[in-house]
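S.K.:
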Amino acid sequence: MKKKVLTVDDSRTIRNMLLVTLNNAGFETIQAEDGVEGLEVLEECNPDVIVTDINMPRLDGFGFIEGVRRNDKYRAVPILVLTTESDAEKKNRARQAGATGWIVKPFDPAKLIDAIERVTA
Amino acid sequence: MAGKKAEKGNLKLVAVLDLNEASVLHGQLMNARGHDVTIDASEVQRVGVQCVQVLMAAAKAWEEDKKTFVFEKVSDAFRKTMQLIGINIDHLLAKEIRQ
Amino acid sequence: MDMNEIKEIFFQECEEQLAELESGLLKLNDGDRDPETVNAVFRAVHSIKGGAGAFGLDDLVSFAHVFETTLDCVRSNKLEPTQDVLKVMLKSADVLADLVSASRDGGGVDEGRSRGLVKELEALARGELPTGGAAEAPKPAAPKPAPAPAAAAPAAPAPTDESGFQPVPFSFDDEEETIVPSVYEVTFKPRRELYAKGNEAALLLRDLTRVGEMSINCDTETLPHFDKMDPEGAYFSWKISVKTEKGEQDIRSVFEFAEWDCDLDVKLAETTDEELPMVPVPFDLSALDDDSASEEDAAEDAASIQAAAAEAVAAAETATNVSKMAAAASRVEKKESQAAAAAAAAAANAANAANSAGQTIRVDLDRVDRLINLVGELVINQAMLSQSVIENDTTGTSSINMGLEELQQLTREIQDSVMAIRAQPVKPVFQRMSRIVREVADMVGKSIRLVTEGENTEVDKTVIDKLAEPLTHMIRNAVDHGIESPEKREAAGKNPEGTVKLTAKHRSGRIVIELVDDGAGINREKVRQKAIDNDLIPADANLSDEEIDNLIFMPGFSTADKISDISGRGVGMDVVKRSIQALGGRISISSRPGLGSTFTMSLPLTLAVLDGMVVTVAGQTLVVPLTAIVETLQPEASSIHSFGANQRLISIRNSFCPLVDVGRILNFRGTQANPVEGVALLVESEGGGQRALMVDAIQGQRQVVIKSLEANYTHVPGIAAATILGDGRVALILDVDAVVAASRGQSLKQESSLKSDMSLAAAG
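Chains as they are written, first to last, in UniProt numbering: chain A, 1 to 121; chain B, 1 to 99; chain C, 1 to 764.
Quick look at the structure:
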């Protein structure tokens, strides 16, 4: 079974980077463009891990994480947050919302895969 | 569903025993209180600490009740996770599978 | 998809984000205080920064970072977005746009300008209010002497920052101890939240085994009775001893994600008194990894190779960065062919997911152009087919005719739909104008706001592309010459801040763009004098106000007293007019002294087709653009009046209108035709006033596909383009304005006049 990763990011650039990196690393990748879509897609794709951005239209990363954690079926799914420059305040908020861990941008494939490996079995 | 209960006292654990399964497993074992229990962990691929806590608390309760609580089959992943987190289940293993 | 393609996507996205940024800032400038507007602005900059970081575009990252920080202050209500603040932000948006283009196309940016803005942005973030002219003024006494990009750098680490140039945050002792394996004692007690947030103690312990040799003791003492336990509680805790050559940091970093949700203690084992029974943990834990261990290996391979690539990148030029990563990625793909196949499947899945979400696709413009061309041919072909059927069908009521009508309908619809693919809103062009207004206004010391309306009006991309240049010129003119200085405006009792309004709308199958300024209007006396001085009109010419206003479109006309830097680059409004005409458009001006001027441009929605009236002139078939025609009439002998040697007028409803003999102007015939035997097309020409074009007969109206005459033959004076009619003949499309101008005495050049036997069969 390939591990399934749901990525939530409004930037087309980052979405494509995630897609290429995750596919190359042998993951199955499902993508959403914002928190609202992320929660919709979640129901269909049953991911092993979620990677989400924070700043997004409609529903931001904090709201999305809270939504996942409130979902009876998916509340245990590890969620990694893409943050910039180890922004302590944002990390804190993300943790309070229920994030499992974070990946510090700028985007680096190795860091991403490493973080995913850490939170998934 | 933490386990498919073929008959009371026989519990087959599902493949992924994560956070969500802890309550399910607890409920199923609750139902089996007072009965001898044989657990099949041969399908387990992942087991989280919370499910282990439930299983260990149950083992203790069964011991108090003087009922048997035994792992009849365990998967490699199950056995190794126990080893990793420092939980010894040797005394709970059915004789024929003890190493 | 490789990294180069992603970079391309990044730049496309930057364009969109920059547009979003600007329109958001302009909304804020108009008093919009919707938090979502601020958020959108923030996100735009944030997104650009994020992507730029991934591609190692450090200049872009550091500027975006400073910008973002200031925007964050606005977002968190620490900074009120006043007009002065927004002025700085709009300028910053311009610099950001410059940095994006510099990153994409190479070349530099005005560093002084961006440095100045970085200072201003930082001052704003610190809560210092802008001081109006502080923009360009160097601030030697600035509290922070460090140059801004450097200040921003630590916050936005470039790859090189991580590759070992920074001091390793270990103490010297720790480093010593990395040589001899030491034993660490780790106490780890998770809290309930650790599990609730998707972390798993077992996985953390698994990762800990990767640091070194490990023995473990699980404390189960706090585990409550089975009946009273919370299945999701955290009861177990661990004492672990780790024998490793690595340092304390490596152990702590295993718990990086969990440290807030657990009690963690890591220390060097002081004594060897192990009062607790420690169970050694075997290093082989492969069964705990995903059951498809090989795949995970592949994943790790990919990760490590990409990491290696990333390191190489850090040393190499940023430019090669991306391709190396891409190369590394593709190497992995080759090695793991089944993984690649699976990845492709996943990509397909993802594509499906994306399809269900997004409603747009990106198509290479060439493909659309080819389609449009083919549909053009189809339209011609259909017309030819219809015509030959009609000619051969004597009964005229066959079912073939019905079918053909449907075919015509369908072809027309296909054509419209295909044209719609290439239609785009004028928004991007309008947005560019706002930057020009800002910059020019700054240069000439005026305060001007640009108001735009109808930005979503759509027009063919080919038109949009050609619209920017004349529009830029006109905007510059309006700012430079149209709007008065703030002092003059105040003296005249006007708002010192001038307004330039740019609107777009659809009107009867054309797009009408209006540029309205509330400046001083045309100084008619000055314009008239200038025209006389330049021999453009005779000194005694009796011109209407409208005609005087339109003199500014005459070649070589410029009213500015001194040539200014901005709009006086040797091109005048005549150039604007010509480029608009080249698009099949018209431009006119109306002005009210003291109140401002209005430029009105009307352009075709597409350059591919045209609604035309097919007419006959001296045996030739010509097409007159329908948009030029006001009305058609059958002249009567009584309404024709001769005037001068060979000028004639036609009287229409009590006014006189010059009669223009098209056949004569185009040199189709040597003598004047008798107006009574032909038809007059009343056309409007921009120099004001109407003209009646004399043609022999009207054949009908139809949409024609425009074929460039220049591309296929050569420019012909008086002719705008060519087309192919239903019967396969080539017809020429009349350039109405050129013909009208010629009738004013500026005759078309003889040597290039049309010969009646001219063959243009190859034109299509």
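Even glycine gets a Cβ: it sits at the ideal position worked out from N, Cα and C.
Under 9 Å, Cβ to Cβ, is there at least one residue of chain B near A121 (chain A)?
M.R.: Within the first sequence, numbered from 1, the residue matching residue 121 (chain A) stands at position 121. Yes, A121 (chain A) lies at the interface with chain B (some Cβ there is under 9 Å from its Cβ).
S.K.: Run the CB neighbour count on K78 (chain C), radius 10 Å, all protein chains shown included, and call it buried at 16 or more, exposed below.
M.R.: Indexing the third sequence from 1 puts residue 78 (chain C) at position 78. The residue in question, K78 (chain C), is exposed, as its Cβ has fewer than 16 Cβ neighbours within 10 Å.
S.K.: Measuring only between beta-carbons, confirm whether D90 (chain B) sits less than 9 Å from chain A.
M.R.: One-based indexing of the second sequence puts residue 90 (chain B) at position 90. No, no contact with chain A.
S.K.: For K577 (chain C), count neighbouring Cβ atoms within 10 angstroms of its own Cβ and tell me buried if that reaches 16, exposed if not.
M.R.: Stepping through the third sequence from its first residue, residue 577 (chain C) is reached at position 577. With 16 or more Cβ atoms within 10 Å of its Cβ, K577 (chain C) is classed as buried.
S.K.: Relative to chain C, which residues along the stretch 92–115 of chain A have a C-beta separation below 7 Å, given in chain order?
M.R.: R95, G98, A99, T100, G101, K105, P106, F107, D108, P109, A110, I113 and D114
S.K.: Determine which residues of the stretch 188–213 of chain C have a Cβ less than 9 Å from any Cβ of chain A, and write them out in chain order.
M.R.: E193, Y195, A196, K197, G198, N199, E200, A202, L203, L204, R206 and D207
S.K.: Quick one, are the C-beta atoms of V617 (chain C) and D696 (chain C) less than 9 Å apart?
M.R.: Here residue 617 (chain C) corresponds to residue number 617 of the third sequence, with the count starting at 1. Here residue 696 (chain C) corresponds to residue number 696 of the third sequence, with the count starting at 1. V617 (chain C) is a Cβ neighbour of D696 (chain C), given a cutoff of 9 Å.
S.K.: Between which two residues does the beta strand (DSSP E) holding M554 (chain C) run?
M.R.: Taking the first residue of the third sequence as 1, we reach residue 554 (chain C) at position 554. Annotation for M554 (chain C): no beta strand (DSSP E) segment contains it, and DSSP assigns it neither H nor E.
S.K.: Give me the subset of the stretch 17–46 of chain B whose CB atoms are less than 7 Å from a CB atom of chain D, sorted by chain position.
M.R.: Chain labels in this structure do not include chain D; the protein chains are A, B and C.
S.K.: Indicate whether the contact test is met: 3 or more Cβ pairs, each with one atom in the stretch 49–59 of chain B and one in the stretch 25–40 of chain B, closer than 8 Å.
M.R.: The stretch 49–59 of chain B vs the stretch 25–40 of chain B: in contact.
S.K.: Could you pull the DSSP bridge partners for K91 (chain C) from this structure?
M.R.: Working through the third sequence from its first residue, we reach residue 91 (chain C) at position 91. According to DSSP, which records beta bridges pairwise, K91 (chain C) is partnered with nothing at all.
S.K.: By alpha-carbon positions, which one of C:N646, C:K91, C:A54 and C:I552 ends up nearest to F67 (chain C)?
M.R.: Here residue 67 (chain C) refers to the residue found at position 67 when the third sequence is read from its first residue. For F67 (chain C), the nearest C-alpha among the options comes from C:K91.
S.K.: Cβ of E547 (chain C) within 8 Å of any heavy atom in the ligand ATP?
M.R.: By its list of ligands, the structure shown contains no ligand whatsoever, and the ligand ATP lies outside what it can speak to.
S.K.: Residue ranges of each beta strand (DSSP E) run of no fewer than 3 residues wholly in the stretch 485–537 of chain C, ordered along the chain?
M.R.: List check, beta strand (DSSP E) in window: 498–507 and 510–517.
S.K.: Please report the residue range of the alpha helix (DSSP H) in which N39 (chain C) lies.
M.R.: Taking the third sequence and counting its residues from 1, the one referred to as residue 39 (chain C) is at position 39. Note, N39 (chain C): alpha helix (DSSP H), P35 to A54.
S.K.: Alpha carbon to alpha carbon, how far is S62 (chain C) from D60 (chain A)?
M.R.: Numbered from its first residue, the third sequence carries residue 62 (chain C) at position 62. Numbered from its first residue, the first sequence carries residue 60 (chain A) at position 60. Computed Cα separation, rounded: 24 Å.
S.K.: Could you name the residues of chain A that G24 (chain C) contacts, counting a contact when the two beta carbons are closer than 7 Å?
M.R.: Reading the third sequence from its first residue, position 24 is the one you call residue 24 (chain C). Within 7 Å Cβ-Cβ: nothing; G24 (chain C) doesn't reach chain A, min ~12 Å.
S.K.: Does the beta-carbon of M402 (chain C) have 16 or more other beta-carbons within 10 angstroms, so that it is buried, or is it exposed?
M.R.: By one-based count along the third sequence, residue 402 (chain C) stands at place 402. Looking at its Cβ environment, which holds fewer than 16 other Cβ atoms inside 10 Å, M402 (chain C) is exposed.
S.K.: According to DSSP, is G61 (chain A) part of a helix, a strand, or is it coil?
M.R.: Sequence index remark: in the first sequence, residue 61 (chain A) carries index 61 (1-based). If DSSP states are grouped into helix, strand and coil, G61 (chain A) belongs with the helices.
S.K.: I need the boundaries of the alpha helix (DSSP H) containing D442 (chain C), first residue and last residue.
M.R.: Position 442 of the third sequence holds residue 442 (chain C). K427 to V444 is the span of the alpha helix (DSSP H), which, as asked, contains D442 (chain C).
S.K.: When you compare only the Cα positions, how much space is there between I54 (chain A) and R367 (chain C)?
M.R.: For this step, residue 54 (chain A) is matched to residue 54 along the first sequence. For this step, residue 367 (chain C) is matched to residue 367 along the third sequence. Roughly 37 Å separates the two Cα atoms.
S.K.: Run the CB neighbour count on residue 825 (chain C), radius 10 Å, all protein chains shown included, and call it buried at 16 or more, exposed below.
M.R.: In the structure displayed, chain C extends from 1 to 764; residue 825 (chain C) sits before or after that span and is not available.
S.K.: To the nearest angstrom, how far is the alpha carbon of Q83 (chain B) from that of G53 (chain C)?
M.R.: Working through the second sequence from its first residue, we reach residue 83 (chain B) at position 83. Working through the third sequence from its first residue, we reach residue 53 (chain C) at position 53. C-alpha separation (whole angstroms): 43 Å.
S.K.: From the beta carbon of V61 (chain C), is the nearest beta carbon of chain A less than 9 Å away?
M.R.: To locate residue 61 (chain C), count along the third sequence from 1; it is residue 61. Output row for V61 (chain C): interface = yes.
S.K.: Please state whether DSSP places N392 (chain C) in a helix, a strand or coil.
M.R.: The sequence position of residue 392 (chain C) within the third sequence is 392, counting from 1. It is helical.
S.K.: Roughly how many angstroms lie between the CA atoms of V70 (chain B) and E13 (chain C), to the nearest whole one?
M.R.: Stepping through the second sequence from its first residue, residue 70 (chain B) is reached at position 70. Stepping through the third sequence from its first residue, residue 13 (chain C) is reached at position 13. Roughly 60 Å separates the two Cα atoms.
S.K.: How many whole angstroms separate the CB atoms of K4 (chain A) and D48 (chain A), which I take to be in contact at a CB cut-off of 8 Å?
M.R.: As a working mapping, residue 4 (chain A) is identified with position 4 in the first sequence. As a working mapping, residue 48 (chain A) is identified with position 48 in the first sequence. Confirmed, about 5 Å.
S.K.: Could you check whether F557 (chain C) and D574 (chain C) sit closer than 9 Å to each other, using their CB atoms as the reference points?
M.R.: Numbered from 1 along the third sequence, position 574 holds the residue referred to as residue 574 (chain C). Numbered from 1 along the third sequence, position 557 holds the residue referred to as residue 557 (chain C). Closer than 9 Å, so yes.
S.K.: Relative to the C-alpha of N46 (chain A), which residue among A:A99, A:T29 and A:D108 is closest?
M.R.: What you label residue 46 (chain A) is simply residue 46 of the first sequence in a count that begins at 1. Out of A:A99, A:T29 and A:D108, the CA that lies nearest to the CA of N46 (chain A) is found in A:T29.
S.K.: To the nearest angstrom, how far is it from the Cα of A234 (chain C) to the Cα of K228 (chain C)?
M.R.: Here residue 234 (chain C) refers to the residue found at position 234 of the third sequence. Here residue 228 (chain C) refers to the residue found at position 228 of the third sequence. If I take the Cα positions, the gap works out to 13 Å.
S.K.: Within this structure, are the beta carbons of V437 (chain C) and R422 (chain C) separated by less than 9 Å?
M.R.: The residue given as residue 437 (chain C) occupies position 437 in the third sequence. The residue given as residue 422 (chain C) occupies position 422 in the third sequence. Not in contact: V437 (chain C) and R422 (chain C) (Cβ atoms no closer than 9 Å).
S.K.: For Q382 (chain C), count neighbouring C-beta atoms within 10 Å of its own C-beta (all shown protein chains included) and say buried if the count is 16 or more, exposed if not.
M.R.: As a working note, residue 382 (chain C) is residue 382 in the third sequence. With 16 or more Cβ atoms within 10 Å of its Cβ, Q382 (chain C) is classed as buried.
S.K.: According to the Cβ coordinates, are residue 126 (chain A) and F10 (chain C) closer than 9 Å?
M.R.: Here chain A covers residues 1 to 121 and nothing more, so residue 126 (chain A) does not appear.
S.K.: Out of C:R113, C:R115, C:S114 and C:D98, point me to the one whose CA is closest to G107 (chain C)'s CA.
M.R.: Stepping through the third sequence from its first residue, residue 107 (chain C) is reached at position 107. Of the candidates C:R113, C:R115, C:S114 and C:D98, the one whose C-alpha sits nearest the C-alpha of G107 (chain C) is C:D98.
S.K.: Consider the Cβ of A234 (chain C): report whether some Cβ of chain B lies at a distance smaller than 9 Å.
M.R.: The sequence position of residue 234 (chain C) within the third sequence is 234, counting from 1. With a threshold of 9 Å between beta carbons, A234 (chain C) makes contact with chain B.
S.K.: Does Q529 (chain C) pass the burial test, meaning 16 or more other C-beta atoms within 10 Å, or should it be called exposed?
M.R.: Stepping through the third sequence from its first residue, residue 529 (chain C) is reached at position 529. So Q529 (chain C) counts as exposed.
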